[in-house]
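*Asks:* In the numbering used here, the protein residues as written are 391 to 720.
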């Protein structure tokens with residue numbers, strides 16, 4: 391009598407070569423054409439999306455960061471919600487496809503914008519990218535009459551503050567957002583896995599989000615490896631301390647963005663958000679807009695850092711809600 395097949399063997403039999411192709415898909419509508427490239431200055435942002443409750447943002451903080459920043463700069467670009475990281479040259483989303491067919495990602499996007507769209511960037515962000523690039527030898531720097539380097543990022547206190555605030559965001563708030571979406575079991579089960587893997591066929595729609603969850607969990611664990619076992623309350627409290635400091639720096643509701651008081655030489659630039667604004671919005675908008683079964687972090691932000699919620703709502707109303715209403719009216 392033959393022994394019963396194991397579950398794995400049964401699955402392999404179902405996926406036998408005679409069953410291929412398992413499923414076919416049409417060519418994505420977002421495929422780029424030459425006409426599309428020319429009509430949008432050749433800039434195409436490939437990212438996760440759309441948002442949890444809208445069609446103009448993204449549920450993924452890194453994707454939303456660059457989507458928001460390109461929007462703030464007033465550049466013409468297309469957004470393609472491909473939701474497929476393996477489509478990217480580095481295996482991660484988002485990435486920017488340029489007119490000359492370059493694929494750039496991460497902080498290289500900022501360097502590209504500084505090189506090709508320098509006049510569109512806020513002055514603080516031009517200084518920020520200079521500080522992030524390879525340092526220039528001291529003997530080759532341009533100096534003024536007193537011998538002080540004229541292009542030194544440290545000569546601008548606001549630029550130094552912006553770099554410090556960005557570092558706090560990317561260190562403390564980032565890990566809390568990762569934990570909130572990926573490590574809270576109920577949140578991952580009810581929302582995150584569908585957002586990142588719901589478009590895949592079975593069984594990939596279970597495997598791919600699980601692999602990403604394992605990666606995010608390792609990243610969170612590595613961040614707190616020196617502290618041993620850490621409770622969610624501690625992770626969220628650490629991020630909330632940073633958010634409250636950002637709220638204090640932002641000031642009252644008369645300041646829609648960071649560093650608006652410092653733009654005295656060019657008052658118009660005070661109305662332009664910077665990379666810091668885009669980064670804070672990208673982290674907090676998904677947290678505040680998603681409906682999660684375990685919403686401890688969201689509740690803490692709304693109750694103890696209401697200025698941050700006001701800031702996020704202001705960005706949404708000024709830059710994204712208008713575009714959404716325009717789409718609905720067409």
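The beta carbon of each residue, even a glycine, is placed where N, CA and C say it ideally should be.
Do you know whose CA, among 442, 474, 443, 501, lies nearest residue 436's CA?
*Replies:* If you compare the alpha carbons of 442, 474, 443, 501 with that of residue 436, the shortest gap goes to 474.
*Asks:* Quick one: what's residue 487 bridged to in DSSP?
*Replies:* Residue 487 is bridged by DSSP to 434, 493.
*Asks:* What does the Cβ neighbour count give for residue 451, buried or exposed, with the cut at 16 atoms within 10 Å?
*Replies:* buried
*Asks:* Rounded C-beta distance between residue 637 and residue 697? I'm assuming under 8 Å.
*Replies:* Taking 8 Å as the upper bound for CB-CB distance, residue 637 and residue 697 are in contact here, some 4 Å apart.
*Asks:* Which residue or residues does DSSP assign as beta-bridge partners of residue 469?
*Replies:* Listed as beta-bridge partners of residue 469 by DSSP are 435.
*Asks:* Just tell me which of 494, 554, 441 has its CA closest to the CA of residue 635.
*Replies:* 554
*Asks:* Is the CB-CB distance between residue 462 and residue 663 below 7 Å?
*Replies:* yes
*Asks:* Does DSSP put residue 512 in a helix, in a strand, or in coil?
*Replies:* coil
*Asks:* Report the rounded CA-to-CA distance for residue 656 versus residue 513, giving the unit in angstroms.
*Replies:* A caution first: residue 656 carries a pLDDT of 49, below 50, which makes its placement in the model too unreliable to give a value.
*Asks:* Assuming residue 596 is part of the alpha helix (DSSP H), what are its boundary residues?
*Replies:* 594 to 613
*Asks:* Would you identify the three-state DSSP class for residue 649, choosing helix, strand or coil?
*Replies:* coil
*Asks:* Go through its chain and collect everything with a Cβ distance to residue 679's Cβ below 7 Å, but skip five positions before and after it.
*Replies:* 441, 442, 443
*Asks:* If you reduce the DSSP assignment to three classes, tell me which class residue 677 lands in.
*Replies:* helix
*Asks:* Can you name, in chain order, every residue of its own chain whose Cβ lies under 7 Å from the Cβ of residue 459, other than the five neighbours on each side?
*Replies:* 665, 668
*Asks:* Name the two residues that bound the continuous alpha helix (DSSP H) containing residue 480.
*Replies:* Per DSSP, residue 480 belongs to no alpha helix (DSSP H) and is neither H nor E.
*Asks:* Could you say which of 596, 624, 483 lies nearest to residue 470 if we only look at CA atoms?
*Replies:* 483
*Asks:* I think residue 673 touches residue 559, with their Cβ atoms under 8 Å apart; what is that distance to the nearest whole Å?
*Replies:* 7 Å
*Asks:* Can residue 472 and residue 485 be called in contact, C-beta distance under 7 Å?
*Replies:* No; because the gap between Cβ atoms is not below 7 Å, this pair is not in contact.
*Asks:* By Cβ distance below 8 Å, which residues in the same chain neighbour residue 578 in space, the five residues on each side in sequence not counted?
*Replies:* Excluding residues within five positions, the ones whose Cβ falls inside 8 Å are 571, 572, 599, 603.
*Asks:* Can you tell me which of 569, 568, 648 puts its alpha carbon nearest to the alpha carbon of residue 515?
*Replies:* 648
*Asks:* Beta-carbon separation of residue 629 and residue 562 under 7 Å?
*Replies:* Yes, they are a contact pair.
*Asks:* Please work out which residues of its chain come closer than 8 Å, Cβ to Cβ, to residue 582, disregarding the five sequence neighbours upstream and downstream, and give them in chain order.
*Replies:* 571, 572, 599, 603
*Asks:* Rank 686, 434, 616, 639 by C-alpha distance to the C-alpha of residue 552 and give the top, closest one.
*Replies:* 639
*Asks:* Please report the distance separating the alpha-carbon of residue 614 from that of residue 626.
*Replies:* 13 Å
*Asks:* Looking at the unbroken alpha helix (DSSP H) that takes in residue 506, where does it start and where does it end?
*Replies:* 498 to 506
*Asks:* In the structure shown, what three-state DSSP assignment does residue 552 receive?
*Replies:* helix
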